[in-house]
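In the numbering used here, the protein residues as written are -3 to 551.
No residue lacks a Cβ here, since even glycine has one placed at the ideal position from N, Cα and C.
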Amino acid sequence: MRRLRWRSLAGQVLVVQVIVVTVLVAAATATFVVQARHGERDAARGKALAVATAFAQSPGLLAALRSPDVSATLQPRAEATRRATGVDFVVVMSPGGVRYTHPDPARIGGVFVGHIAAAARGKAFTETYTGTLGPSVRAVVPVLDERGDVVGMVAAGITLERISATLRRQLPVLIGTAVAVLIFVACGEVLVSRRLRRQTRSLRVAEIVRLYEHHEAVLHAVREGLLVVGTDHRLLLANDEAVRLLGLPAMADGRLVRDLLVAGSLSELLESGRRATDEIHLAGNRVLAVNQTPASRDGRPLGTVTTLRDSTELLALTGELDSVRGFAEALRAQAHEAANRLHTVVTLIELNREQEAIEFATEELAASQQLADRLLTALDEPVLAALLLGKAAQAHEHGIDFVITDDTQLHAAQPYATPIDPRALVTVVGNLVDNAVDAALAGQPPRWVAVTVRIVGEVTGEDGEGEREELMVRVADSGPGLDPARTAAAFARGWSTKAGGALHGRGLGLALVQQVVARYGGRIDVTNDRGAVFTVRLPLEPVVGALPPAVRAVP
C-alpha cells in the first residue's frame, strides 16, 4: 500500500517537490554566496574609490606633493586615513608610480605594483590586482593641479582576504536560514501532497504529463508568436515569441490589450475579435503577418487565438528585389537607347559628320555624369547618394525629370555629429521618392520629382537664443497633390492610392517613414505646391519618441 502511495501522482509530486525545493534552496544559497562575494567586492571597490578620491582632493595635498620631503609629510597622513577608513592601504605616488607612502615603510620609494596608465592620463579607475600585500581590490585616482595636469596619484585598496573573512562570518546565519526554509517548505509540501491526492482522484500521471508536454510544446516550440485574448479583451496567454515581437512587459497576462499595445491597427484587431488571414500590421519597428481565429467550445465563445509572424526582413528583401527589378528595367531601357544612339553615331561618321557624332555621343553622357558629380559633391553619405542615383535612373526611365535641388548639402565637415542610421535614411528617402514618382506619373506633363537633403537650424527658446540642428529631407512632385483631410490617413498602415495586396506590403511606405521619424523624435509636414511636398525633419540629437510624430497638413 505504501509503495502504491509513493507511485501515485501525489506521492511522486511530493518527492519531486522535495527534491526541487532542496535543489532550489541549495542553488539559492550558492547564488547568495556568489552574489554576496560580488557584493562585498563591489562594496570594497566603491569604498576604495571613495577613500582614494577624498584623499586625492583633500586640502593641502598639492602643497605636500611640492614639499622637499613628500614621504615625511604624507606618510603619517596616509596611515591615519587608512586606519580611520578601514582600508588596507593608502599609497600616494608620483605620476611615474614611485611610492611616497606605504603601510610598510620599507617599500616607500619603490614602484607601485599595478596598473596606473589610466590614472596617469587623468582618469580614476578600479581593478583587482595582486600587489605587495597580496590580491586586493583597489582604486587609483589622479591628483590634478590648478591647470588640470596630473602631479601625483592616490591608490587605496582592500585585500581579498579581508573581504573573504567578512563573508565567512555571514555563512552560519545563511546556512541556518536555508535549513529552516527547507524544513518549513517540506512540511508545506506534505500538506499540499495530501490535498492533491484528494483532488486528482483517478487521474493518471501519464495523462497529466501528456497534457503538460503538449502545452509546453505549443508555447515554446512554435516559432510564431501566439496570443490568446479573452472575450473581455484581456490577454490570457502570450508565448515567448509574442513577447519578443510585441515587446510585452512582464506580468502581461490578465491585462487589457489596449493597455499593453500602442494604439494602432494591431490593437484594434485584437480588440475586435474578428477573423483575419495574413494581414500586415506594424508593431514598433517590425512588420507582422497576423492571423486571428475566434475560439469557442460547445458553442460558448472563449476569445481569440492570434498568431504573429515576423515579416520585416521578408518585406525588406521584397523591397530590395523590387528595386533591383526596377534597376534592371532601367538598364534594359538604357541599353536600348544606347543601341539607338550608337547606330546614330555610326551613321553620322559614315556621312563624314564627325563633329556632330562627337557632340551627339557625349551629350547624354555629360548629363548623367553631371548628376553623379552633383550627388557625390553634395552628399558625403555614399548610401544616400547611391539610392538617389538609382531613383534618378528609374524616374528617367518613366519619363520623369529627377531634380536634386541646388541647396542639397550633407557634409561630414560641418560641425555636427550625424546620428542618423543610413538604413533609416534609405527608408525615409526611398519611400518618399517612390511615392513621389507614382504621384508624378498620375499627374499631367511636365512630370518631375525634386529632392532636397540638407542641414537646417531651428531657433529654440522664448528668447530666440540657441539653435537645434536638424536633417531636413524634402520631396516634392508634380502630381495631383494630397488632400489635407486625408493627410493623417495617408500615414496609416494599408493606405494606398494603388491597387495591391497586403501580402506585398502595399500601403506600408509612409507608415514606415512615420516610424523612423518617431524613433528619432522628428516631425513630418505635408503641403501642396503644384503637387505634394513631404518635409521630414530629424534632429541631429535624437530623442526617442514613444508616440508617433505629429503629421501636419500645412496650408
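Contact defined as beta carbons within less than 8 Å: I believe residue i pairs with residue j. What is the distance between those atoms, to the nearest angstrom?
i, j, result
"T124", "V136", "No, T124 and V136 are not in contact; Cβ-Cβ is about 12 Å, not under 8 Å."
"L568", "V225", "A query on residue 568 cannot be resolved here, the shown segment of the chain reaching from -3 to 551 and no further."
"V424", "V433", "Their Cβ separation, rounded to whole angstroms, is 15 Å, which puts V424 and V433 out of contact at 8 Å."
"A388", "F398", "4 Å"
"V379", "V422", "6 Å"
Is residue i helix, strand or coil when you go by DSSP?
i, result
"F51", "helix"
"G226", "coil"
"V14", "helix"
"E123", "strand"
"Q511", "helix"
"T155", "strand"
"N235", "coil"
"G144", "coil"
"N348", "coil"
"I354", "helix"
"F85", "strand"
"T97", "coil"
"I171", "helix"
"V109", "coil"
"D521", "strand"
"S63", "coil"
"L298", "strand"
"L304", "strand"
"L478", "coil"
"E466", "strand"
With a threshold of 6 Å on Cβ separation, who are the neighbours of residue i within its own chain once the five nearest residues in sequence on each side are excluded?
i, result
"Q13", "E185"
"H339", "none"
"R443", "I396, A436 and S474"
"L375", "A381 and L406"
"L543", "Bear in mind that the predicted position of L543 carries a pLDDT of just 43, short of 50, making it unreliable; the figure below should be weighed with that in mind. Contacts found: none."
"P138", "A115, G118, V146 and M149"
"R41", "T122 and V133"
"Q71", "T97"
Work out the CA separation of residue j and residue i for me, nearest whole Å.
i, j, result
"P441", "E393", "15 Å"
"L140", "M247", "50 Å"
"S268", "E212", "28 Å"
"T173", "I159", "22 Å"
"H111", "T155", "16 Å"
"L534", "D249", "37 Å"
"G243", "L223", "13 Å"
"T128", "T25", "34 Å"
"A23", "R515", "42 Å"
"H229", "V214", "22 Å"
"T303", "E237", "10 Å"
"A152", "D100", "14 Å"
"G497", "L187", "The predicted position of G497 is uncertain, since its pLDDT is 42 and thus under 50; a value taken from the coordinates is nonetheless stated next. Cα to Cα, G497 sits roughly 60 Å from L187."
"L252", "E220", "22 Å"
"Q351", "V341", "10 Å"
"L163", "F108", "28 Å"
"R62", "G106", "19 Å"
"R370", "L384", "11 Å"
Can you find the residues in the same chain that come closer than 7 Å, C-beta to C-beta, to residue i, ignoring five residues on each side of it along the sequence?
i, result
"D306", "L241, R282 and L284"
"V66", "A60 and Y96"
"R103", "R95 and T128"
"A353", "V341, L344 and I345"
"G505", "N427, D430 and N431"
"S263", "V253, R254 and L257"
Considering only the alpha carbon of each residue, which of the options lies closest to residue i?
i, options, result
"Y96", "H111, P64 and T404", "P64"
"A272", "G475, E212, Q288 and A115", "Q288"
"Q390", "V429, G477, I416 and A353", "V429"
"V9", "S263, R251 and I204", "I204"
"L57", "P99, T122, V532 and G148", "G148"
"T523", "L372, A60, F356 and R482", "R482"
"L278", "L508, H407, A39 and T343", "L508"
"E355", "L372, L371 and R337", "R337"
"T18", "A182, A113 and A74", "A182"
"Q166", "E36, Q53 and A291", "E36"
"R470", "G477, V452, G453 and V447", "V447"
"G130", "V146, I171, F85 and A113", "F85"
"V218", "N235, L266 and A74", "N235"
"R464", "L478, G517, A438 and G439", "G517"
Ordered along the chain, which non-local residues of its own chain (more than five positions away) have a Cβ less than 8 Å from that of residue i?
i, result
"G144", "G118"
"I15", "none"
When the cut-off is 8 Å and only beta carbons count, does residue i lie next to chain D?
i, result
"T302", "The structure shown contains no chain D, having only a single protein chain."
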